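Below: one structure, written as structure tokens.
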Amino acid sequence: MINQPQFYRQPEIPGTFSRWVKSFNKNKLAVSALIVLLVIILIAIFAPWIAPYDPTAQFEELSSPPYWYDSGNSKYILGTDDLGRDLFSRLVYGARLSLKLATIVVLISATIGILLGCMTALTNIWIDNIILRLTDLILALPSLLLAIVIVALIGPGLPNAIYAVAIVLIPHFVLVSRNAIKHELNKDYVTATILDGANKSRLFTHSILPNILPSLIVQLTLAFSTAILEISALGFLGLGAQPPHPEWGTILSESYVYITIAPWTVTLPGLAIFFTLLSINLVGDGLRDAMDLEK
Amino acid sequence: MIINLFNLRLMRLLKWIIISVLLAGCNFHETKSVKDNVLVYCSEGSPETFNPQLSTSNTTFDASSRPIYNRLIEFKPESTTIQPSLATNWEVSKDGKSYTFNLRKGVRFHSSHYFQPEREFNADDVIFSFERQKNNDHPFHNISSLKFGYFDSMGLDKLINRIEKLDDYTVRFILNRAESPFLSALAMDFASILSAEYGEHLLAAQTPEFIDVHPVGTGPFQLDRYQPDAFIRYKANPDYWEGKQLLAHVIFAITPEPSLRFARMLAGDCDIMAKPLPIHIKAAQKHDNIQVISQPGLNIAYLAMNTQKPPFNNQLVRVAINHAINKNSIIKAVYRETATKAKSPVPPNMWSYDQSLIDYQYNPELAKELLLEAGFSSGFKMNIVTTNAQRSYNPNAKKMAELIQQDLKKVNIQVNITSFEFGKFLSYTSNGLHQSALAGWVSDNGDPDNFFSTLLSCNATHSGTNAAFWCDHSFSELTAEARSKSKLNERLIIYKTLQKTFKEAAPWVPIAHATQHFIVNSRIKNFKIASNGGAFFTNVYLDNSNKKSHNGD
Amino acid sequence: MHLLRLENLSVTYHSNNGDFPIIERLSLKMDMGEILGIVGESGSGKSILALAIMGLLSPKMSMRADYINLDGQDLMKMSHAQRAAYVASKAAIIFQEPQASLNPCYSVSSQLDETIILHQGGNNKLRKSRAINLLESVGVTQPETVLKMYPHQLSGGMNQRVAIAIALSCKPRLLIADEPTTALDVTIQSQIIDLLVDLSKAEDVGLMLITHDFALLSENTDRVGVIYSGQLMEHAATENILSCPHHPYTKALLDSIPQLGDRHIKGSRMFALEGNIPAIDQLPVGCRLGPRCPQAEKLCVKNQKLKTIENYGKVRCHVAIAHSPTQPKDKTS
Amino acid sequence: MTKIILRQLIIMLLSLITLTIFTFSLTRFFPVDSSITGNANVDNAAHLFFHYFDYLKLIVSGDWGYSRINGSDVLKDFLLYFPATIELSFAALIISISIGLPLGVFAARHKNMWQDKLIVSTTLVGYSMPIFWWGMLLVLLFSLTLSLTPVASRIGFEYDILPVTGFMLIDTLISNKPYAVEAFFDALHHLILPAIVLGTIPLAIFTRVTRASMIEALSSDYIRTAKAKGLATSRIIWVHALRNAMIPIITIIGLQISVLITGTLITEIIFSWPGVGKWLLEAVYRRDLVTIHGGLLAIASTVIFINMLIEITTYLINPRLRLQK
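Okay, here's the thing in structure tokens:
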């Protein structure tokens, strides 16, 4: 600015990351959801210190309602289930279990999915086509159905449920990373980098990766909530975690029998799943908006 | 070409459709006249077949033998006393080897769109029904993939020498040896009488397998329509020999999920609910229009330890497990006090029960010492196999397994629970693949032999009903001896000895004898429970005088 | 009699961070059949002015005015619905992107027909012949074929002709053309402008031609308004402005037109203003042009008023007024 | 037009072939039934290829094997249970579209106002709802506490309705029983709650998508043109904006088929609804691999078929694609 008078100030242009943070912070709903999510994560981490009892320990009081009921017992804040296990402790340990399982699932599927996605995007058109066809097919199928079939084939139980959900989530990562990379590859700046003589790995780490990161982050949160939902759905259907594991879906399926007699054993675990999912989805939505991504 | 679906008029139409649907949902609570002579029974599962010869499951009997068929002689409801049915009277020879039955005249088989009988019931039908099960060359012997469970396991193929038709209305059974429970056996469900004429008809049509699918019997109801896993419809048999039933229809609403069954009961969708959970019994007492009908069951729920597999080949370990399990807490949590604690293989209301038998007391410390003695100072890992199906002797085997898991943890035994669907559970355990299993038994004929030889004899290890695979030859011989005696006293003495032997060997942890319950709408009158826990719809009627509104209290 | 008179029109943008003025106290006059050019950079608010007159502002904006007199009626005194109906019958607008401003899901005939039903009605046959006439009048050579087509099947110029036809179908007294040629090829541009000017003259329709391109205005308009950052900077007869621009901004705009052929002085550089038009949340104090103005001085920090210069027009710049150039020509309105 | 349909048919065929290769390899890894897979121990690739063709022949001829549990024909079973699932899904779809569409339009028109914010946050709640819990909650509230709706199944057991079409609402009406109309309303009454449960997540998604694409449509130039023409607001919204917004919405409706099928698996279990989902899950519990194989194949083919229909519909309603040069 050659002749700009000093009394006029120049606007600042913030960096990408701080712009995301600023934009995310503006979304009050997303910020409060993030806080809730952090609380849930803390509960999961510190479960042994937070839970008053062992999640499988059985007490004398069977199906004791939460303490705010007239017949409630203050020893058990959220009451006990039909075997006299403290529901609060079970839910707290359930948070630990659910988050742990979801993390494992997402790690497995993200690693495999992103690797496959990069491979397909950066290699020849035939492999790309084949993998694309396959992921399209799998994506068209209902993921829970596929997970159920996989569990049915390899047998019910926690490890198998994890594999099933992870397998089901892989195509999402393949597709998202592949599309994001392809999209970036077509842009002029990448051509410019290639013309500048960058090799493939440098091109990938310095030019492409930073630009596909937003899509991957959003896909990660999405996968995380899907993983929690499907693991608990499998648990509910009796195909995932088996009792006495305090998995939320498993607790729900166990207590469905008592819906008429002890409704809190149905409402509370569901509420836990619901709030976790809601906060993850809100955070994901906030991230998507902040990073200005389209669906 | 453009389908302009989205104009205003269509939107308005859509709005009206929604409103009318919602209204339809709301204003539909007037009492239903259709229900006035229809009984809806919420049953616990689909029958495997409509032929009781091919089953050992009460679910199948409820749906087949009791409504559709009759037997020569039958148990009175609520008891194990025998009464005439298709046979009006009978005679037993002095050597106990020959049974002669005089048959009822004027009994007609069901007439339906798939079969119209041309003659009445006679001796040929009796012979047909038993020959099918006994004779390997009978054209109907091999048509089903299912086995003649009771006939074979009770050894009737070896027991019955031949069946003679003396005339159209007289039949004689000749046995190879004297056997006192034989008469009870003939009153059991598998001894139902099928139509020989229908059999010929099906053979001619080359569809013999229909005999088990489209049943023709003489019973009070005939099959109307069946949709697997959904419902069974029966209609009253207009020609029933005792007179047409007051109920026009009986409908089985197949509802395996017990809480759903109870919810349907509360909503008035069901008139009778099978196998309520113990908690439902407590909850049902709060409602005026429903009542609980119960009867002590002739059953046992037990933990069978596979004595062929370590560590349960060691008697000390088995006793230790007996000491380690807290039956009281199981009866409290699983049965909600609707069962009695078990110590013998037979239930207390069975005539051979030994009151004086001493049970192993709950004592984890003693259990630990016994384990130490047996060489398991640091405990061991074991597997319990259960079923996720609800059984009349065990409302929730998975829960029971979890409780046992907790108890055994206290004596350093790590328990792993595997739960199977019931059919899978049976095949798994009868092949002896399990280390231990939560099994159970319901008496079929009120005879203690049904427990001792079926569950604990060496023969039963082959047929798979001996879930502990415990084979004590002297024990087995004694059960055979008791069977051949006709005097009750002599048998009683043997059974008491057997119970003591059983207790010492401890192949099981006997856990509980469950009380049988049905929850019944108060408009149902004259509903009775069979001694084996099944439901009787014969002579049931409805009292609609105080019609309650559909949405109840 | 004036076709359009605005007095103190202000448009405010309501955002989460507060309210910002987009147009400030703008006054304008247009005669019947007059061609008025509105010129300014992108973001100056000239399109908003058009939308405000048509009543098409987004819900995030609100407008105030002492009065907006369109063909003898004050729009500000009407209810919302009345106003919409009245404006639609008196004025029409065409936009920058001809393809985007037509609904991609409907054929030309249905979009044209819709307005004909609204304003003239008549039976199917009558309406069709009217549509064909309209298309012919905007220079479409095969109106029958074009009627059956969808916007994406037509070229940009053709779409703009269709848009003009639709605009004309309500027989407007005022036609606002908001950058009607920016998105078009250069060869098509002049065709469209000529068409608009011819139509305006033939049917005595007032034409408000909004553009950022002074070159377009110079030959076709009667008068020109220069807008910068929501304010009218200069408003005068076209020849006056061309011959003797007062406002530094107008000068800068005129200087930035590349001269071709004879008019091009060899070796001269094209003039360009430094910087950008200020963002609405970062308006400078005083004169809006201040930070970019080559003639800025300390007094510019004070608010500038639009003042009339005899025999010339109106100018908002105290420097320009103080150093008012020599005799302007005679003609003023 | 015929070209497009042909193209879509070829795409569908390719997807179906991919699917059968997938299911065929499943039967290889997990021997399902020798009648379907042939001899299980073949290592020769050429043999494998021929076996695949034998398998394909069986599948095409409708011989999908027999259930291991009750010996019934798997394809016949599927067709028996399928109408119940269709009826439920269709009802759910109608509910979610007929509420979601107007709601999304309403939210878009009140963009960023409190009505919009309320709707958007409600849809987020609906979107995050674990359907099995939601089903239980509604049963607890409407059936058990308020006694407004029946607990389970398709119709009251007292009504004897012969399955002619398999669609209960139709079968009741064409039945010659004296209580046909009464039975129809009873069936409708049974349908409401499960349909609401099943429709909740699609409803949330439709509302969001409708809102987003309506906002986009409403901010476009042609809407400004339409307003300038002086068209009535209702015409602008429902004719001009919605018509354009429908294009992405139809695509999303297609994607919801997957969500609906996932939902039916769980809804049918909760409401004891005799449909494909319940049938398949029973098979899973019994490890009836033949039925599982058939169920997967049938459901996946259905999804592929519906996707094709949706693709064709998008072509039909989008002139830009339909009239490509």
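Protein chains in written order, with this note's numbering: chain A, 7 to 301; chain B, 351 to 903; chain C, 40 to 372; chain D, 1047 to 1371. Idealized CB from N, CA, C, for every residue including glycine. A quick note: this is a predicted structure, and the numbers were derived from the prediction, not measured.
Could you check how far apart the C-beta atoms of lysine 748 (chain B) and proline 249 (chain A) are, in whole angstroms? I think they sit under 8 Å.
Right, their Cβ atoms sit about 6 Å apart.
How would you call glutamine 6 (chain C), buried or exposed, if buried means at least 16 neighbouring beta carbons within 10 angstroms?
A question about residue 6 (chain C) goes unanswered here, because the residues of chain C that appear run from 40 up to 372.
Counting only C-beta atoms, is histidine 599 (chain B) closer than 9 Å to chain D at any point?
At least one chain D Cβ lies under 9 Å of histidine 599 (chain B).
Does DSSP put phenylalanine 886 (chain B) in a helix, in a strand, or in coil?
Looking at phenylalanine 886 (chain B) - three-state DSSP - the assignment turns out to be strand.
Should threonine 266 (chain A) and alanine 633 (chain B) be called a contact, given that it needs their Cβ atoms to be closer than 9 Å?
Closer than 9 Å, so yes.
Candidates B:Glu547, B:Pro798, B:Ser834, B:Gly814: which alpha carbon is nearest leucine 848 (chain B)'s?
Of the listed residues, the one whose Cα sits closest to leucine 848 (chain B) is B:Pro798.
In its own chain, which residues sit with a C-beta less than 8 Å from the C-beta of alanine 4 (chain A), not counting the 5 before and 5 after it?
With chain A running from 7 to 301 in the structure shown, residue 4 (chain A) is simply not present.
Can lysine 187 (chain C) and serine 146 (chain C) be called in contact, C-beta distance under 9 Å?
Yes. Within cutoff.
Mind checking methionine 1292 (chain D): buried by the 16 CB within 10 Å criterion, or exposed?
The residue in question, methionine 1292 (chain D), is buried, as its Cβ has 16 or more Cβ neighbours within 10 Å.
Three Cβ pairs or more, each shorter than 8 Å: is that satisfied between the region 62 to 78 of chain C and the region 248 to 264 of chain C?
Touching, yes.
Distance, Cα to Cα, methionine 197 (chain C) vs threonine 1360 (chain D)?
Between methionine 197 (chain C) and threonine 1360 (chain D), the C-alpha separation is close to 27 Å.
Around the C-beta of isoleucine 1056 (chain D), are 16 or more other C-beta atoms found within 10 angstroms, so that it is buried, or is it exposed?
Isoleucine 1056 (chain D) is exposed by the Cβ-count criterion.
Going along chain B, which residues have a C-beta under 8 Å from serine 1318 (chain D)?
In chain order: Thr605, Glu607, Leu610.
With contact counted as at least three CB pairs below 8 Å, one residue from each stretch, are the region 578 to 592 of chain B and the region 447 to 462 of chain B in contact?
Yes, since at least three Cβ pairs between the region 578 to 592 of chain B and the region 447 to 462 of chain B fall closer than 8 Å, the two stretches touch.
Between the region 1193 to 1218 of chain D and chain B, which residues of the former have CB atoms less than 9 Å from a CB of the latter, in chain order?
The region 1193 to 1218 of chain D vs chain B, Cβ under 9 Å: Ser1193, Leu1194, Thr1195, Pro1196, Val1197, Ala1198, Ser1199, Arg1200, Gly1202, Phe1203, Glu1204, Tyr1205, Asp1206, Leu1208, Pro1209.
Is there a Cβ from chain A that is less than 9 Å from the Cβ of histidine 867 (chain B)?
No, histidine 867 (chain B) does not count as interfacial toward chain A.
Are there 16 or more other CB atoms within 10 angstroms of the CB of serine 779 (chain B), so buried, or fewer, so exposed?
With the sequence shown as reference, residue 779 (chain B) is identified as threonine, and serine is not the correct amino acid for it. So threonine 779 (chain B) ends up on the buried side.
Would you check if the distance between the CB atom of histidine 1235 (chain D) and the CB atom of proline 1196 (chain D) is smaller than 9 Å?
Yes, they are a contact pair.
Out of curiosity, what's the CA-to-CA distance linking isoleucine 1338 (chain D) and valine 1120 (chain D)?
Approximately 9 Å, taken between the alpha carbons.
Leaving out five residues on either side along the sequence, give the residues of the same chain with a beta carbon under 8 Å from the beta carbon of proline 745 (chain B).
Closer than 8 Å at the Cβ level, and outside the excluded window around proline 745 (chain B), lie Pro608, Lys625, Leu627, Pro628, Val684, Tyr685, Ala864.
I'd like to know if alanine 247 (chain A) contacts chain B, where contact means its C-beta is closer than 9 Å to some C-beta of that chain.
No, its Cβ sits nowhere closer than 9 Å to a Cβ of chain B.
Strictly under 9 Å for the Cβ-Cβ distance: is phenylalanine 877 (chain B) near chain D by that measure?
Not an interface residue.
Please go through the same chain and pick out, in chain order, the residues whose beta-carbon is closer than 8 Å to the beta-carbon of leucine 1219 (chain D), but skip the five residues on each side of it.
Around leucine 1219 (chain D): Ala1226, Val1227, Phe1230.
In this structure, does DSSP put arginine 64 (chain C) in helix, strand or coil?
Correct three-state label for arginine 64 (chain C): strand.
Considering only their Cβ atoms, is the gap separating histidine 285 (chain C) from valine 354 (chain C) smaller than 9 Å?
Cβ atoms of valine 354 (chain C) and histidine 285 (chain C): closer than 9 Å.
Am I right that proline 1240 (chain D) and phenylalanine 1188 (chain D) are in contact with their C-beta atoms under 8 Å? What's the rounded C-beta distance?
That pair is no contact at about 11 Å.
Do proline 148 (chain A) and isoleucine 1242 (chain D) come within 9 Å of each other at the CB atom, strictly closer than that value?
No, the Cβ-Cβ distance between isoleucine 1242 (chain D) and proline 148 (chain A) is not below 9 Å.
Give me the subset of the region 1331 to 1351 of chain D whose CB atoms are less than 7 Å from a CB atom of chain A, sorted by chain position.
If the cut-off is 7 Å between Cβ atoms, the region 1331 to 1351 of chain D has Arg1333, Ile1338, Leu1342, Ile1345, Ala1346, Val1349, Ile1350 near chain A.
What is the DSSP secondary structure of valine 1088 (chain D), reduced to helix, strand or coil?
Only weak support exists for where valine 1088 (chain D) lies, its pLDDT of 48 falling under 50; the value from the coordinates is given anyway. Coil, per DSSP.
To the nearest angstrom, how far is the alpha carbon of glutamate 840 (chain B) from that of alanine 830 (chain B)?
Approximately 13 Å, taken between the alpha carbons.
Considering only the beta carbon of each residue, do glycine 567 (chain B) and proline 489 (chain B) sit closer than 9 Å?
Their beta carbons are not under 9 Å apart, which means glycine 567 (chain B) does not touch proline 489 (chain B) by this criterion.
Report buried or exposed for serine 207 (chain A), applying the criterion of at least 16 other Cβ atoms within 10 angstroms of its Cβ.
Exposed.
What number of angstroms, rounded off, separates the C-alpha of threonine 1083 (chain D) from the C-alpha of aspartate 539 (chain B)?
Annotation note: pLDDT 46 at threonine 1083 (chain D) (below 50); position unreliable, no value reported.
So which residues of chain A does phenylalanine 1178 (chain D) contact, with C-beta pairs closer than 7 Å?
Correct list: Ala239, Phe242, Leu258.
Can you tell me whether threonine 1196 (chain D) is helix, strand or coil according to DSSP?
The displayed chain sequence assigns proline, not threonine, to residue 1196 (chain D). It is coil, neither helix nor strand.
Identify whether threonine 1297 (chain D) lies in helix, strand or coil by the three-state DSSP scheme.
Reduced to three states, the DSSP call for threonine 1297 (chain D) is helix.
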